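Asker:
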Amino acid sequence: MVLSKTTSQLDESVHSTFASRYVRHSLPRFTMPENSIPKEAAFQIINDELMLDGNPRLNLASFVTTWMEPECDKLIMDSINKNYVDMDEYPVTTELQNRCVNIIAHLFNAPLGDGEAAVGVGTVGSSEAIMLAGLAFKRKWQNKMKAKGKPYDKPNIVTGANVQVCWEKFARYFEVELKEVKLREGYYVMDPEKAVEMVDENTICVAAILGSTLNGEFEDVKRLNELLTEKNKTTGWDTSIHVDAASGGFIAPFIYPELEWDFRLPLVKSINVSGHKYGLVYAGIGWAIWRSKEDLPEELIFHINYLGTDQPTFTLNFSKGSSQVIAQYYQLIRLGHEGYKCIMENCQENAKVLKEGLEKTKRFNIVSKENGVPLVAFSLKDNSSHTEFEVSELLRRFGWIVPAYTMPPNAEHVTVLRVVIREDFSRTLAERLVSDIEKVLQELDNLPSRVRMKLAGSEETAGKHDDVVKKTINDVQKEITATWRKFAADRKKTKGVC
Ligand SMILES: Cc1ncc(COP(=O)(O)O)c(C=O)c1O
Numbered sequence: 001m002v003l004s005k006t007t008s009q010l011d012e013s014v015h016s017t018f019a020s021r022y023v024r025h026s027l028p029r030f031t032m033p034e035n036s037i038p039k040e041a042a043f044q045i046i047n048d049e050l051m052l053d054g055n056p057r058l059n060l061a062s063f064v065t066t067w068m069e070p071e072c073d074k075l076i077m078d079s080i081n082k083n084y085v086d087m088d089e090y091p092v093t094t095e096l097q098n099r100c101v102n103i104i105a106h107l108f109n110a111p112l113g114d115g116e117a118a119v120g121v122g123t124v125g126s127s128e129a130i131m132l133a134g135l136a137f138k139r140k141w142q143n144k145m146k147a148k149g150k151p152y153d154k155p156n157i158v159t160g161a162n163v164q165v166c167w168e169k170f171a172r173y174f175e176v177e178l179k180e181v182k183l184r185e186g187y188y189v190m191d192p193e194k195a196v197e198m199v200d201e202n203t204i205c206v207a208a209i210l211g212s213t214l215n216g217e218f219e220d221v222k223r224l225n226e227l228l229t230e231k232n233k234t235t236g237w238d239t240s241i242h243v244d245a246a247s248g249g250f251i252a253p254f255i256y257p258e259l260e261w262d263f264r265l266p267l268v269k270s271i272n273v274s275g276h277k278y279g280l281v282y283a284g285i286g287w288a289i290w291r292s293k294e295d296l297p298e299e300l301i302f303h304i305n306y307l308g309t310d311q312p313t314f315t316l317n318f319s320k321g322s323s324q325v326i327a328q329y330y331q332l333i334r335l336g337h338e339g340y341k342c343i344m345e346n347c348q349e350n351a352k353v354l355k356e357g358l359e360k361t362k363r364f365n366i367v368s369k370e371n372g373v374p375l376v377a378f379s380l381k382d383n384s385s386h387t388e389f390e391v392s393e394l395l396r397r398f399g400w401i402v403p404a405y406t407m408p409p410n411a412e413h414v415t416v417l418r419v420v421i422r423e424d425f426s427r428t429l430a431e432r433l434v435s436d437i438e439k440v441l442q443e444l445d446n447l448p449s450r451v452r453m454k455l456a457g458s459e460e461t462a463g464k465h466d467d468v469v470k471k472t473i474n475d476v477q478k479e480i481t482a483t484w485r486k487f488a489a490d491r492k493k494t495k496g497v498c
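Using full-length UniProt numbering, the first residue of the sequence shown is number 1, and each one after it goes up by one.
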C-alpha cells in the first residue's frame, strides 16, 4: 500500500533535462529500470526534481532543526555508515549516547544518586519515545491490576485534545483508550482540573505537554501533580504523569529554570524530548528518560548477544544511524548551558519582533503565549471575506511556508496560522515576513472574497431575490468553512502538524 500520493499519476516516466548528456531515454516512474545509468545522471535527475521541494530554512511550519554548524555536518557525514545498534563494534558511539542520556536526565532533574546512571534511550524522535514511555506505563498498570486480581483489558490514558498525532497513534496501535480533555475558545491546553476528574482506576497515566504543538503553550504540570496527588490520596490509586516535552524540554531548563515541570515533581515518571527540535540536531533523534529503574519494567527490555556482548535494547526499531546521536553530543558539549540559553533567548526575542509586527497590522489576534515555545500563532480578527488558509496560500508565493489549521474539539471553529521560530530564523527574516504578510493582506483586500465569487456563480441560477441571496451567503460560507475544515482534517490524518 502506498500511503503518500505522487504528484502525477498520469505520466509513467521520469524525464531528465541535463541528464540527457548521459541518458537519452526516460526512466519508468514506478518500476525498476532494466539497465543501469551513470552515477552523474542519477545525481542530476534526482537533484533536478528536488529543486521543487520547499526551502527548509523558510519552512516555518516545522520545529525541526534546519541548520547546524559545518563541523557537526562533518561529524554526521563521517559517521553516516555506522549502524547504531552494533554497540559492540562501535562502543564509543554507545558511550556518547549514554552520556547524552545522563546529561539530559540531569537537565530534567532526575533524582540520581552520586555515580548513579540515568535510565533512558535515544530514539528516532519524540513519537518513538512516547510509544516506549506509554508501553512502560501500560505494562506497569497491567502488572498492578493482575496482582490485585482485577481486570486489565481496558487501559486508558488522559490527555488534552491538543495532543500531537503521535499520542493518537500510541492509543490506537497499543490499544489504550484516549480520553481527551476538550479545549475551549481562548484556552487551548489541557485543563488540569478536568484531566484529573477524568482519571479512573484504569488510567495508565496523564500526559501533559510542555509546549503545545498548536500554540507553544506550556501546560501546568505542577498543578496537575498537586491535583493528582490529592486524588491518589483519596482513592488509593497511584496514577502518575508523563511529560511530552518534545519542544519545551530543551527550552525550559535554560530560560525558565524556576518552572517546575520535570522530575522535581514526584509524580512525573518519564519525559520525552525531541533532540531534533530545540535540541538543535537535524531530523532523526529523540530521547525518552525515566525517573528510575522501577519506572521501566524489566520485561520490556530485550537482551541480545549475537552482535558481540550482551546488549539491552528498548526501541521499536533495531537498526538506525549513529550520526544523530553523535550530533546531539556535539551540540551538548559545544553549546553547554550558556550556548543553549543564548540561542533560546534569541529565538524568544525574534518571536517578540514578529508578534509585535503582526499586532501593528491590527488584523490579527495572537493565540500563542509569551512564555512557552518561541512561536507565534495568530488568527485573523475578521475572516469573513478571506481566511487564514488563503493567507497561508499567498505567502507561499514569497517562499514562506506558514501552515494554517483548525483547532481541535471544542475549538474547531478557530483557525490559526503558526510561525515556529528556530535558531536560523533571524530578526531580519522576522521583519521581512511581517512586511510580506502586509502585502498579502493588501492583495486579499483587493480581491473579491471567495464567498462573493461563489455567490456570483450561484446568483445566475438562484435568482436575485434578497432572501435567496442571504440564504446563499450563509450556505456558501458554510460550504467554504466545511471544505477547509475537511482539508485541514485530511492533512491531520496524514501528517498532522509537526
Ligand atoms: C508536543 C509534541 N509531541 C510529540 C511530537 C512528535 O515529535 P517527533 O516529530 O519528534 O516524533 C511533536 C511534534 O511536533 C510535538 O509537538
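Even for Gly, the Cβ is constructed at its ideal location relative to N, Cα and C.
Everything numeric in this text was worked out from a predicted model, so none of it was measured.
1. May I ask you to check if the CB of glycine 339 is nearer than 7 angstroms to at least one heavy atom of ligand 1?
2. Suppose contacts are defined by Cβ-Cβ distances below 8 angstroms. Is isoleucine 157 in contact with valine 176 by that definition?
3. Output needed for alanine 266: all residues of its chain with C-beta closer than 8 angstroms, excluding positions within five of it in sequence on either side, in chain order.
4. Using the three-state DSSP reduction, which class does lysine 179 fall into: helix, strand or coil?
5. Between leucine 380 and lysine 360, what straight-line distance do the alpha-carbon atoms span, to the nearest angstrom?
6. Assuming the contact rule is C-beta atoms closer than 8 angstroms, glutamine 328 and isoleucine 285 should be a hit. Round their C-beta distance to whole Å, please.
7. My understanding is that threonine 159 touches threonine 203, with C-beta atoms under 8 angstroms, so please give their C-beta distance in whole angstroms.
8. According to the neighbour-count rule (16 or more other Cβ atoms, all chains shown, within 10 Å of its Cβ), is proline 192 buried or exposed?
9. Mind checking lysine 277: buried by the 16 CB within 10 Å criterion, or exposed?
10. Could you tell me if serine 20 is buried or exposed, where buried requires 16 or more neighbouring beta carbons within 10 angstroms of its beta carbon?
11. May I ask whether a heavy atom of ligand 1 can be found less than 7 angstroms away from the beta carbon of isoleucine 209?
12. For lysine 277, does the three-state DSSP call read helix, strand or coil?
13. From this set, Ser385, Val414, Cys342, Val325, which residue's C-alpha is nearest isoleucine 366's C-alpha?
14. Residue range of the alpha helix (DSSP H) that tryptophan 141 falls in?
15. Ends of the beta strand (DSSP E) at asparagine 317?
16. Helix or strand or just coil, what does DSSP make of valine 367?
17. When the distance is taken between beta carbons, is leucine 210 closer than 8 angstroms to valine 243?
18. So the candidates are Glu185, Phe43, Ala411, Asn109; which of them puts its Cα closest to the Cα of phenylalanine 254?
19. Kindly indicate which three-state DSSP category glutamine 331 falls into: helix, strand or coil?
20. In the DSSP assignment, find the unbroken alpha helix (DSSP H) run with asparagine 98 in it and report its ends.
21. Just the C-alpha distance for arginine 334 and asparagine 232, rounded to the nearest angstrom, thanks.
22. Roughly how many angstroms lie between the CA atoms of phenylalanine 137 and alanine 351, to the nearest whole one?
23. In angstroms, rounded to a whole number, what distance separates the CA positions of leucine 178 and serine 319?
24. For asparagine 156, write down the residues that DSSP places opposite it in a beta bridge.
25. Considering valine 119, what are the terminal residues of the beta strand (DSSP E) in which it resides?
26. What's the gap between the Cα of tryptophan 290 and the Cα of alanine 129?
27. Along the chain, where does the beta strand (DSSP E) that runs through threonine 213 open and close?
28. Can you tell me whether glutamine 311 is helix, strand or coil according to DSSP?
29. Report buried or exposed for glutamine 324, applying the criterion of at least 16 other Cβ atoms within 10 angstroms of its Cβ.
30. Leaving aside the five residues before and after leucine 354 along the sequence, list all residues of the same chain whose C-beta is less than 8 angstroms from its C-beta, in chain order.
31. So, at 8 angstroms on beta carbons, what are the nonlocal neighbours of aspartate 466 in its own chain, with the 5 sequence-adjacent residues on each side left out?
32. Between which two residues does the beta strand (DSSP E) holding threonine 415 run?
33. Would the beta-carbon of valine 23 fall within 8 angstroms of that of isoleucine 37?
34. Taking only heavy atoms of ligand 1 into account, decide whether any of them is closer than 7 angstroms to the Cβ of aspartate 244.
35. Are valine 189 and serine 212 touching if we call contact CB-CB under 8 angstroms?
36. Is DSSP giving proline 192 helix, strand or coil here?
Answerer: So, from the listed chains and residues:
1. It does not: the Cβ of glycine 339 is nowhere closer than 7 angstroms to a heavy atom of ligand 1.
2. In this structure, valine 176 lies closer than 8 angstroms to isoleucine 157 by Cβ.
3. Note that residue 266 is proline in the sequence shown here, rather than alanine. If you ignore the 5 residues before and after proline 266, its C-beta comes within less than 8 angstroms of the C-beta of Asn225, Thr229, all in its own chain and listed in chain order.
4. In the three-state reduction of the DSSP assignment, lysine 179 falls in the strand class, which pools E and B.
5. So the alpha carbons of these two residues sit roughly 13 angstroms apart.
6. Rounded, the Cβ-Cβ distance is 5 angstroms, consistent with contact.
7. Not a contact, Cβ separation roughly 11 angstroms.
8. By the neighbour-count rule (16 or more Cβ atoms within 10 Å), proline 192 is buried.
9. Under this definition lysine 277 is a buried residue.
10. Exposed: under 16 other Cβ atoms inside 10 Å.
11. Yes, the beta carbon of isoleucine 209 sits closer than 7 angstroms to at least one heavy atom of ligand 1.
12. Coil, per DSSP.
13. Among Ser385, Val414, Cys342, Val325, the Cα nearest to that of isoleucine 366 is on Val414.
14. Under the DSSP assignment, tryptophan 141 falls in the alpha helix (DSSP H) whose first and last residues are 126-148.
15. Run containing asparagine 317: none; DSSP gives neither H nor E here.
16. Under the three-state reduction of DSSP output, valine 367 falls in the coil class, being neither helix nor strand.
17. It is a contact, given that the beta carbons lie within the stated cut-off.
18. Here the closest residue by C-alpha is Asn109.
19. Three-state DSSP puts glutamine 331 in a helix.
20. Segment 91-107, the alpha helix (DSSP H) holding asparagine 98.
21. Taking the straight line from one Cα to the other gives about 43 angstroms.
22. In a straight line, the C-alpha of phenylalanine 137 is about 36 angstroms away from that of alanine 351.
23. The alpha-carbon atoms of leucine 178 and serine 319 are separated by roughly 30 angstroms.
24. DSSP lists Glu177, Thr203 as partners of asparagine 156.
25. Here the beta strand (DSSP E) through valine 119 covers 119-123.
26. Their backbone Cα atoms lie some 11 angstroms apart in a straight line.
27. From DSSP, threonine 213 is part of no beta strand (DSSP E); its letter is neither H nor E.
28. In the structure shown, the three-state DSSP call for glutamine 311 is strand.
29. Buried, because 16 or more other Cβ atoms sit within 10 Å of the Cβ of glutamine 324.
30. Excluding sequence neighbours, leucine 354 sits near Val376, Val419, Ile421, Ala430, Leu433, Val434.
31. Note that aspartate 466 has pLDDT 44, beneath the 50 cutoff, so the model's placement of it is unreliable and the number below is only indicative. Once the five neighbours on either side are set aside, aspartate 466 has no close Cβ partner at all.
32. Boundaries of the beta strand (DSSP E) around threonine 415: 415-420.
33. Yes, Cβ-Cβ distance for valine 23 and isoleucine 37 is below 8 angstroms.
34. Yes; taking the cut-off as 7 angstroms, the Cβ of aspartate 244 has a heavy atom of ligand 1 nearer than that.
35. Yes, the Cβ-Cβ distance between valine 189 and serine 212 is below 8 angstroms.
36. Proline 192 carries a helical assignment under DSSP once its states are collapsed to helix, strand and coil.
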